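Novice: As you go down the protein sequences, you meet chains E and H in turn.
Numbers 1071 to 1331, taken from the numbering used here, label the letters of the first sequence in order.
Numbers 1344 to 1430, taken from the numbering used here, label the letters of the second sequence in order.
Even glycine gets a Cβ: it sits at the ideal position worked out from N, Cα and C.
None of the values given here were measured: they were computed from a predicted structure.
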Amino acid sequence: MAGKIITISSGKGGVGKTTITANIGLGLAMLGARVICIDADIGLRNLDVMLGLENRIVYDIINYIEGRCRFRQALVRDKRFPELFMLPAAQTRAKDAISIEQMKSVAHEAAQMVDYVLIDSPAGIEHGFRCASAPAELVLVVANPEIASVRDADRVVGLLEAETNTPARLIINRIKPEMVQRKEMLAPEDVVDMLAIDLIGLIPEDPEILTASNRGNPIVLNNGSPAGKAFLDISRRLQGEDVPFAPLKPPSFFQRLLGSH
Amino acid sequence: MNWLKLFRRRKNSDQEIAAQRLRLVLAHDRANLSPGMLDMLKDEIIAVISRHLEIDADKVEVNFTEDQRETRLVADIPLSSPRRRAL
Ligand SMILES: Nc1ncnc2c1ncn2[C@@H]1O[C@H](COP(=O)(O)OP(=O)(O)OP(=O)(O)O)[C@@H](O)[C@H]1O
Ligand SMILES: [Mg+2]
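1. Which residue's Cα is closest to the Cα of E/Ala1193: E/Glu1231, E/Leu1123, E/Ala1213 and E/Val1128?
2. Under 7 Å: does the beta carbon of E/Lys1299 sit that close to some heavy atom of ligand 2?
3. Per DSSP, E/Pro1274 is paired with what?
4. With a cut-off of 8 Å, does the C-beta of E/Leu1256 fall near any C-beta of chain H?
5. In whole angstroms, what is the alpha-carbon distance linking E/Pro1215 and E/Val1313?
6. Using CA coordinates, which residue listed in E/Lys1149, E/Asp1185, E/Cys1201 and E/Ile1135 is at the minimum distance from E/Lys1165?
7. Kindly say whether H/Ser1377, judged by its beta-carbon, lies nearer than 8 Å to any beta-carbon of chain E.
8. Might you give, ordered along the chain, the residues of its own chain that have their beta carbon closer than 6 Å to the beta carbon of E/Asp1148, omitting 5 neighbours on each side?
9. Under 7 Å: does the beta carbon of E/Lys1165 sit that close to some heavy atom of ligand 2?
10. From E/Ile1217 to E/Arg1140, what distance separates their C-alpha atoms?
11. Could you tell me whether the Cβ atoms of H/Leu1384 and H/Leu1422 are closer together than 8 Å?
12. Count the other CB atoms, across all protein chains shown, that sit within 10 Å of the CB of E/Met1071; report buried if there are 16 or more and exposed otherwise.
13. At a cut-off of 7 Å, is H/Thr1408 close to ligand 2 when judged by its beta-carbon and the heavy atoms of the ligand?
14. Looking at ligand 1, does it come within less than 7 Å of E/Asn1116, judged from the CB to the closest heavy atom?
15. Am I right that E/Ile1106 and E/Val1187 are in contact with their C-beta atoms under 8 Å? What's the rounded C-beta distance?
16. Over the uninterrupted alpha helix (DSSP H) stretch that includes E/Phe1155, give me the two end residues.
17. Tell me which same chain residues have a C-beta within less than 7 Å of the C-beta of E/Lys1319, skipping the five on either side of it?
18. Express the C-alpha separation of E/Val1209 and E/Ala1238 in angstroms, rounding to a whole number.
19. For a contact meaning CB atoms closer than 9 Å, what does H/Arg1415 contact in chain E?
20. Return the residues of the segment 1351–1370 of chain H that lie within a Cβ-Cβ distance of less than 8 Å from chain E, sorted by chain order.
21. Report the three-state DSSP secondary structure of E/Cys1107 (helix, strand or coil).
22. Anything in chain H within Cβ reach of E/Gly1228, meaning under 9 Å, just list it in chain order.
23. What do you reckon, is the C-beta of E/Thr1234 under 7 Å from a heavy atom of ligand 2?
24. Give the DSSP-derived three-state secondary structure of E/Asp1166 in the structure shown.
25. Can you tell me where the alpha helix (DSSP H) holding E/Lys1087 begins and where it ends?
26. Going by Cα to Cα distance, which pick from E/Gly1310, E/Phe1301, E/Glu1311 and E/Asp1268 is closest to E/Leu1096?
27. Is there a Cβ from chain H that is less than 8 Å from the Cβ of E/Val1359?
28. Looking at the unbroken beta strand (DSSP E) that takes in H/Arg1415, where does it start and where does it end?
29. Less than 7 Å separating the Cβ of E/Lys1149 from some heavy atom of ligand 2?
30. Using a Cβ-based criterion (distance less than 7 Å to any ligand heavy atom), does E/Thr1077 qualify as near ligand 2?
31. Using CA coordinates, which residue listed in E/Glu1207, E/Asn1243 and E/Pro1277 is at the minimum distance from E/Leu1230?
32. So, are the CB atoms of E/Ile1270 and E/Ile1241 less than 8 Å apart?
33. With a threshold of 16 other CB atoms inside 10 Å of the CB of H/Arg1394, please say whether the residue is buried or exposed.
34. Is the Cβ of E/Arg1225 closer than 8 Å to any Cβ of chain H?
35. In whole angstroms, what is the alpha-carbon distance linking E/Ile1135 and E/His1197?
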């Protein structure tokens, strides 16, 4: 049976798509699944550095489409999990160098090899987004709890509903529980309510997400941390496990003293 | 609308303001009708209805309401009180 193709999109840029793709991809691999992460952000390659695999790249997705290498040659194998692969974006090509049909055929080829194909979509709602979401059976829509981001996420949900009818699930990223508690930030329930799609993940703001990706070791590898656990929970839910949503707690006095927040 | 949620919420918190603004923005986006266009629509509705009925134009309200992903346009058009109506 072919693997499940899942695209990570947001509309708005910089809300955490690539971070989430890397962490969920690793999370699924930690749970024993075979995974290919495809970087569909042509011209703005990032997934490689987030996964710490930038030094292993030989070919990219466009080399493969142009017939300059075989599919497996274009894949970069993860150094931690031998069943996790990344297909790099081309860094020096235009955003529209790949057609929708080409992206579909690449994704379907990937799905023949593994259990999950994750596609990291570029920002925006134009060609790059359409390409990335065309092959998807499920789209994970990422929003931060702020007006502009939720608004753009709503556009993505609307487009998916109108054009392809692809099911969508919501990930709310960069939640600051202490600000929600002080009623200074949109509450996750409100965002879910307004977007009216099912929730699959709540991820807290955590500076360690950045330091972890600086080292190329995404935070999910440290699933003792709340953010790491949040990513692993999403991976579990994707596998069909019924993982309850634990309310996010503000960092305790001691955690703040220790300076990790 | 869950009313425990309303109860919990301090009035006019940043959270409440953001949520209200967001609801309105989403309603206009989904309907693809800007606030200015909605005002024009309201004026046109008033003009059409006034041809057939005496209405209290100042009290007319035309707004979007949201129910999940379904948007509707709700017009509340009070008729002028019959006692004030000219003979
Ligand atoms: N939960 C979080 N807590 C703290 N920082 C975060 C969190 N999620 C993402 N970030 C940071 O936000 C920045 C943008 O993240 P990322 O590159 O994943 O976004 P993106 O949606 O892929 O952006 P683009 O639209 O440019 O592709 C990164 O520096 C990342 O470390
Ligand atoms: Mg990105």
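Specialist: Walking through what the data contain:
1. E/Ala1213
2. no
3. E/Ile1245
4. yes
5. 22 Å
6. E/Cys1201
7. no
8. Leu1154
9. no
10. 44 Å
11. no
12. exposed
13. no
14. yes
15. 5 Å
16. Looking at the DSSP string, E/Phe1155 is not in any alpha helix (DSSP H); the run it does join, the beta strand (DSSP E), is Leu1154 to Leu1157.
17. Pro1247
18. 5 Å
19. Result: empty, since nearest Cβ-Cβ is about 14 Å, beyond 9 Å.
20. Arg1352, Arg1353, Ser1356, Asp1357, Gln1358, Glu1359, Ala1361, Ala1362, Arg1364, Leu1365, Arg1366, Val1368 and Leu1369
21. strand
22. Asp1372, Arg1373 and Arg1412
23. no
24. coil
25. Lys1087 to Met1100
26. E/Phe1301
27. Residue 1359 of chain E lies beyond the range of chain E shown here (1071 to 1331); nothing can be said about it.
28. Glu1413 to Asp1419
29. no
30. no
31. E/Glu1207
32. yes
33. exposed
34. yes
35. 17 Å
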